[in-house]
Each structure stands twice: as C-alpha cells, then as structure tokens.
Amino acid sequence: MKKIKVGVIPAAGKGRRVSDLPLTRVLPKPMLPILNKPILEYVIENMKKMGVEDVYLIVGFKKEIVQEYFGHGEDFGVKIEYIEQANPQGIAHAIELTQDYIKEPFVVILGDDLTIAKSLNNIVETFQVKNAIAVEGVVHEENVNILKRTCCVLLDEKGKIIDIEEKPSAPKSNVRGCGVYIFDPIVYDYIKRTPILPPRYEKEITNTIRLMTMEGPVYGSFIDGVNININTMVDLFEAMQLLLNLKSKAHKRV
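Numbering (the numbering used here), first residue to last: 1 to 254.
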C-alpha cells in the first residue's frame with residue numbers, strides 16, 4: 001500500500017459552540033486539552049499512522065499558541081507548514097488555501113476530531129483500491145441527535161457515498177461522517193464550484209463531497225475505533241472519559 005505523505009489540518013476556528021468553556025477564551029478549540037495533550041496532537045498522531053510526513057496546518061484564532069506548541073513539527077515526527085485563514089469561511093475554503101502546495105492525494109483531518117483507532121490504513125486502502133477521488137471516514141451512530149448536529153452519510157452496498165448531508169433535520173441513515181478524509185487534488189476544482197449556503201454561509205466540505213459524488217467514485221470507510229467530533233462541552237467531557245477508560249483498561253492488563 002502506497003503511503004499518503006501529505007496532510008491538511010483545518011484548525012482556524014474559534015469554537016463558538018464550546019464558548020461557554022472558560023478555556024476557549026485563551027485557547028483555540030483544537031488546543032483544548034484531553035488528558036495530557038491537546039486535541040490537535042491526537043490529530044497529528046493519526047496522520048502519522050496514515051503515513052503523513054508533511055502537514056499544512058491552517059491556523060487563525062490565536063494562531064501563535066498553536067505555532068509555539070508545535071513549532072515546525074520536529075518534536076512530533078512531521079514537518080509542519082502554517083497557512084493563515086484570517087477570515088474563516090468554512091472547511092472547504094481552508095482546504096482550498098493549500099492548492100498551490102499540493103499536487104498529490106492528501107489526508108485531511110479536522111482540528112477538532114478525536115479518533116481513537118489502532119489503524120486508519122483501511123481508509124487509505126479504500127482510496128487506492130477503489131480508485132476513488134475522495135474517501136470519508138464514517139462510523140455507525142445510533143444517537144439521532146448527534147446525527148442531526150453533525151453529518152449523515154448514505155452508502156450503497158459497496159460503500160459508495162450516494163448522499164451526504166450536513167446537520168440533517170431527518171437523517172437518512174445511521175452512518176455519521178467523521179472529520180477524516182482523503183482527497184485527490186481534483187477536489188480543488190469541486191471546491192471552486194461549492195455554493196455558499198445558509199445557515200453559516202460558508203463553503204462546507206460536505207457540499208463539496210456531494211458534488212463529487214455526482215461525477216466520480218466517492219466512498220465511506222468505516223473507522224475501526226471510536227470517533228468524537230468536539231463541538232460542545234459534553235463532547236469534550238465524553239472524550240476525556242473515553243480516554244480515561246481506555247487508560248484504565250490498559251493499566252489493568254499490565
């Protein structure tokens with residue numbers, strides 16, 4: 001399996017939905033700590049599992065905190081280049097800022113995505129074996145309320161995405177899209193065509209993927225693990241509890 005060596009991390013947002021958490025007044029949301037390290041460090045670790053060596057980190061709100069912590073990536077086993085998204089206009093727009101630098105398939109993991117899995121290589125394998133132009137990591141989600149405030153994906157029997165919707169009022173499946181993606185560089189063409197729609201009037205990556213499904217092979221690949229998108233205080237505390245439980249189980253085995 002050929003490695004995908006380039007990664008993009010959109011991490012410029014202010015984290016409005018966790019704004020009632022005092023830490024977000026001094027930290028950007030991706031730097032919120034879960035146990036002994038920030039969310040963003042888990043993201044970089046997951047990218048390394050997928051073979052990523054070069055990371056383009058999209059920063060904005062309190063960017064100096066991110067840059068001071070990660071530097072150029074030497075201590076984290078990757079090379080980091082920073083790109084500023086001064087005025088956040090959506091995840092698709094953040095990815096578009098890397099167009100002049102990336103000419104090969106690349107990984108995208110959102111800066112507020114916590115995925116705990118032994119491996120994410122099945123996502124890479126799906127991209128390569130299916131000759132896909134995009135793959136999104138997905139999980140089964142039984143909580144309808146979570147589906148309504150995140151992303152719902154409809155798959156066919158072969159795992160191809162046939163419909164995808166951000167914050168659906170009536171989810172069409174129990175499959176939730178996660179903030180883990182692989183894209184062919186053709187995605188930049190689709191981002192240019194992505195409409196700016198309410199409620200946030202931003203370029204949503206979900207709308208970009210929907211366009212891609214109409215014209216090329218786009219797949220969902222199930223994550224063999226746990227995924228939490230950190231959007232609220234409840235999400236943050238759930239993530240902490242999850243990692244504490246995993247740490248406790250690992251200690252008992254020793």
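Positions of the beta carbon are idealized from the N, C-alpha and C atoms, including for glycine.
(request) Keeping to the same chain, check which residues put their C-beta closer than 6 Å to that of PHE127; ignore five residues upstream and five downstream. (result) VAL135 and ILE182
(request) Please classify ARG200: is it buried, with 16 or more other beta-carbons within 10 angstroms of its beta-carbon, or exposed? (result) exposed
(request) Please name the residue in LEU35, GLN99 and LYS49 whose C-alpha comes closest to that of TYR56. (result) GLN99
(request) Tell me whether VAL26 is buried or exposed, calling it buried when 16 or more other Cβ atoms sit within 10 Å of its Cβ. (result) exposed
(request) For the alpha helix (DSSP H) holding LEU110, just list the boundary residues, first then last. (result) Unbroken run through LEU110: none, as it is neither H nor E.
(request) Pick out the complete beta strand (DSSP E) segments inside the region 75 to 126, 3 residues or longer, and give them in chain order. (result) 79 to 84, 106 to 109 and 113 to 117
(request) Find out if the Cβ-Cβ distance for the pair GLY111, ILE39 is shorter than 8 Å. (result) yes
(request) Quick one: grab the DSSP three-state call for TYR69. (result) helix
(message) Rounding to the nearest angstrom, what Cα-Cα distance links VAL153 and ASN174 in this structure?
(response) 8 Å
(request) Give me the Cα-Cα distance between PHE76 and ILE116, rounded to the nearest whole angstrom. (result) 18 Å
(request) Using beta-carbon positions only, say whether LEU114 and ALA12 come within less than 8 Å of one another. (result) no
(message) Please list the terminal residues of the continuous alpha helix (DSSP H) segment that includes ILE205.
(response) 205 to 213
(request) Starting from ARG176, follow the beta strand (DSSP E) in both directions and report where the run begins and ends. (result) 175 to 183
(request) With a 10 Å radius around its C-beta and 16 neighbouring C-beta atoms as the bar for buried, classify SER169 as buried or exposed. (result) exposed
(message) Closest to ILE83 by C-alpha separation, out of LYS63, GLY73, ALA92 and VAL6, would be which residue?
(response) LYS63
(request) State yes or no: is the C-beta of PRO217 within less than 8 Å of the C-beta of ALA132? (result) yes
(message) Suppose contacts are defined by Cβ-Cβ distances below 8 Å. Is GLY159 in contact with GLY220 by that definition?
(response) yes
(message) What residue range does the beta strand (DSSP E) around TYR201 cover?
(response) Taken as a continuous stretch (DSSP letters only), TYR201 belongs to no beta strand (DSSP E), as it is neither H nor E.
(message) Excluding the 5 residues flanking ILE4 on each side, which residues of the same chain have their C-beta closer than 7 Å to its C-beta?
(response) MET50, GLY51, VAL52, PRO105, PHE106, VAL107, VAL124 and ILE182
(request) Please say whether THR213 and ALA92 have beta carbons closer to each other than 8 Å? (result) no
(message) For the alpha helix (DSSP H) containing ASN46, name the first residue and the last one.
(response) 39 to 49
(message) Could you check whether ILE95 and ILE223 sit closer than 8 Å to each other, using their CB atoms as the reference points?
(response) no
(request) State the Cα-Cα distance for the pair TYR69 and TYR42, rounded to the nearest angstrom. (result) 14 Å
(request) Could you check which residue in VAL6, GLY7, PRO30 and ILE34 has the C-alpha nearest to that of PHE237? (result) ILE34
(request) Out of ASN207, ILE58, LEU197 and HIS140, state which residue places its alpha-carbon closest to the alpha-carbon of ILE80. (result) ILE58
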